[in-house]
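Right, one structure below, let's go through it.
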Amino acid sequence: PDKMKCSCSSRFSRILTCRQLSFYRQAKQERKQKLWANRHNPDLERAARRGELLIPLDTVREEWLLHTGPYHIRDAARHYGVFEHVFGGLEFVPEVDLHIEYDQGHVVKRGNQIGPSHCLRPPSVQFNFNSSLGSLWTLILTNPGSCTCCCQTVICLSGIIV
């Protein structure tokens with residue numbers, strides 16, 4: 361019953377199961393309620409006007425990665441043709457956030473370029489995920505912009521866990 365097709369005509373109904381879609385709608389409703397409460401909180405408004413409102417960016421990033429971040433990442437990968445060029449058009453929503461770092465603090469981020477001299481040794485790869493019993497993961501490090509006809513001076517590395 362978990363994989364039954366939803367009667368909803370939204371674009372998410374093709375991607376999510378009924379249970380996931382229900383969770384998504386509930387989380388969206390909770391975010392709307394919190395946003396409304398924050399907009400009507402005079403203490404928050406006063407602190408914001410005075411420039412005293414402190415926003416913990418680490419917490420914001422964690423919340424983003426839990427809720428809408430994976431969909432934004434998927435949309436950016438679709439826009440830049442990553443799915444088409446690397447996976448032959450197959451798409452997915454990333455479940456795991458990767459932290460890939462080479463020697464001397466060169467961090468791989470979405471869209472940056474790492475020169476060959478910085479990646480002579482294998483990178484340090486860290487990630488957190490909710491593992492369920494029997495789950496298997498594969499780390500794919502690929503160079504979607506590679507060219508076999510000439511010597512490259514820049515390596516474009518994409519890390520994806522599927």
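Start counting at 1 in the sequence shown, then tack on 360, and there's your number in our numbering. Note that the Cβ used here is the ideal one computed from N, Cα and C, for glycine as well. These numbers were taken from a predicted model, which means no experiment stands behind them.
Which residues does DSSP list as the beta-bridge partners of Q486?
H459
Can you tell me whether V514 is helix, strand or coil according to DSSP?
For V514, the pLDDT reaches just 45, beneath the cut-off of 50, and the residue's location in the model is therefore unreliable, although a value from the coordinates is still provided. V514 falls in the coil class under three-state DSSP.
Would you report the Cα separation of F443 and K392, rounded to the nearest angstrom?
32 Å
Got a sec, what are the start and stop residues for the alpha helix (DSSP H) V442 sits in?
V442 to F447
Whose C-beta lies closer than 8 Å to the C-beta of P398 among residues of the same chain, with five residues either side of it excluded?
Sequence check: residue 398 is Asn here, not Pro. Taken in chain order, the residues that qualify are L404.
Give the straight-line distance between the Cα atoms of V485 and P402, rounded to the nearest whole angstrom.
44 Å
State yes or no: is the C-beta of I433 within less than 7 Å of the C-beta of P454?
yes
Alpha carbons only, please: which of Y440, G465 and E412 is nearest the one belonging to G471?
Y440
Go through its chain and collect everything with a Cβ distance to A387's Cβ below 8 Å, but skip five positions before and after it.
The answer, listed in chain order, is H427.
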